[in-house]
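Taking mature numbering (1 follows the signal peptide of the UniProt record, and there is no 0), I'd label the letters of the sequence shown as residues -31 to -1, 1 to 92.
Note that the Cβ used here is the ideal one computed from N, Cα and C, for glycine as well.
In this text the structure is predicted, and so the values were computed from the model without any measurement.
What follows is a set of notes on a single structure, which appears directly below.
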Amino acid sequence: MTSISPRLPRPRLLHAVLAAGAMAMAMPADAPRAVAADTTSFTPAQRQEIVGIMRDALKNDPTILSDAIAALRSSANAAQQNAARSALESHRSDLLTPNASDAILGTATARTTVVEFYDPRCP
């Protein structure tokens, strides 16, 4: 088997390839890509060796994939929380300032009064 890079020993190369794969999987699918990957930088033999290393690593330690999926879910949750936070911040004054038109009044002689309270800041 030929070496892909003379500068990186095989264990470090494996970690580098796995880290790159995990980082790529952790990015949201709709995230803008700056530059497309240049696949011409590897020879077919090098590409085949990289694929073999990835297959062996995933077969020997399947937690790599579950860790990558967990990282992806974590980043998606963080993005969702940031979107919710920015929406709350943009409507903060509307949410915190009471408005007289928000109240709905019923009949003054009603026997029963139903009061509904909603606090958007309470989970």
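Boundaries of the alpha helix (DSSP H) in which residue i is found, first to last residue
{"i": "T32", "result": "32 to 59"}
{"i": "P67", "result": "Element bounds for P67: n/a, residue is neither H nor E."}
{"i": "D25", "result": "13 to 29"}
Nearest-angstrom beta carbon gap, residue j and residue i [assumed within contact, 8 Å]
{"i": "A26", "j": "I33", "result": "6 Å"}
Closest residue to residue i among the options (Cα-Cα distance)
{"i": "F86", "options": "A79, P67, T78", "result": "P67"}
{"i": "S62", "options": "T78, N51, L41, R90", "result": "R90"}
Three-state secondary structure assigned by DSSP to residue i
{"i": "T78", "result": "coil"}
{"i": "D63", "result": "helix"}
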